[in-house]
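>
Numbering (the numbering used here), first residue to last: 1105 to 1377.
Following this line, the structure appears as structure tokens:
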């Protein structure tokens, strides 16, 4: 199992004024680019339930929700924190609503394009530059479609929301793991026991991932099951965090303790033009 390294960058230019005097921001929308750490349904829309089979989603959604986690992701907690609905995946055409933002993240995405296919390596062809192109296209076409009126006015964001929105980036660890694989490195051994998996010292086997089933006495039986208490684990399936770990990361970001300057999330709209 390889060490998960996350690159989470919030792009904001802030006024050099006292943090204590800042009022909370009213972010009307959130736009996110990223990988599996923040994919809220893109891979599911492309490949169906096998992309995130049960027991994914069991802790909060109580069913598969397009997230590779037992519950909510970091981006879900960010959406809750700023008071907007959970983000619809840009690639999802079923029941989506982009009034309060959009999510361009997909499982397996990288910052740099990878010279391989998703079927060979698991890395998505939708790298960061593609996601940026998708956002640019969304920015233009959403307003064209919204001006048609009717139901479209309630499905796409108003133009002013783009300049006032919170923009988040959650991507990078796949580039690191790709580098180790290309160099034939054995990677790192993670010290934390996996919640949903089967086999191996840490309850992880790449061939028997979370939700893996096999026929037992003529019955399809789930072998790679969830642990009894996901909240006691950091790693969900050997590659992704549990909901409680995502919540912990969010809490460190929300109060600005790990930002430079240390601006709380809810006051991050105070920036220079």
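Just so it is clear, CB atoms sit at the ideal spot from N, CA and C, and this is done for glycine as well.
Taking its Cβ as the centre, do 16 or more other Cβ atoms sit within 10 Å of residue 1182, making it buried, or is it exposed?
buried
> Using only alpha-carbon positions, find the residue among 1135, 1342, 1179 and 1353 that is nearest to residue 1303.
Ranking 1135, 1342, 1179 and 1353 by Cα distance to residue 1303 puts 1342 first.
> Taking residue 1355 as the reference, give the member of 1185, 1160, 1217 and 1170 with the closest Cα.
Cα-wise, what sits closest to residue 1355 is 1185.
> Contact check, residue 1300 vs residue 1329 under 8 Å by CB: the rounded distance?
7 Å
> Quick check on the burial criterion: 16 or more other C-beta atoms within 10 angstroms. Buried or exposed for residue 1166?
Label assigned to residue 1166: exposed.
> Thinking just about the alpha-carbon of each residue, which of 1254, 1296 and 1357 is nearest to the one in residue 1306?
1296
> How would you write the range of the alpha helix (DSSP H) that residue 1244 sits in, first residue to last?
1232 to 1250
> Comparing alpha-carbon positions, which option in 1242, 1322, 1344 and 1359 lies nearest residue 1277?
Here the closest residue by C-alpha is 1344.
> Do the CB positions of residue 1149 and residue 1197 come within less than 8 Å of each other?
yes
> Would you mind stating whether residue 1176 and residue 1332 have Cβ atoms separated by less than 8 Å?
no
> Kindly indicate which three-state DSSP category residue 1374 falls into: helix, strand or coil?
coil
> Using alpha carbons as the reference points, say which of 1134, 1130 and 1174 lies closest to residue 1157.
1174
> Under the assumption that residue 1145 contacts residue 1170 (Cβ atoms under 8 Å), give the Cβ distance between them as a whole number of angstroms.
3 Å
> Please list, in chain order, all residues of the same chain as residue 1316 whose beta carbon is under 7 Å from its beta carbon, the five residues on each side excluded.
1302, 1327 and 1328
> Nearest CA to the CA of residue 1222: which residue from 1200, 1131, 1151 and 1241?
1151
> Using C-beta distances below 6 Å, list every residue in its chain close to residue 1360, excluding the 5 sequence neighbours before and after it, in chain order.
1366, 1367 and 1368
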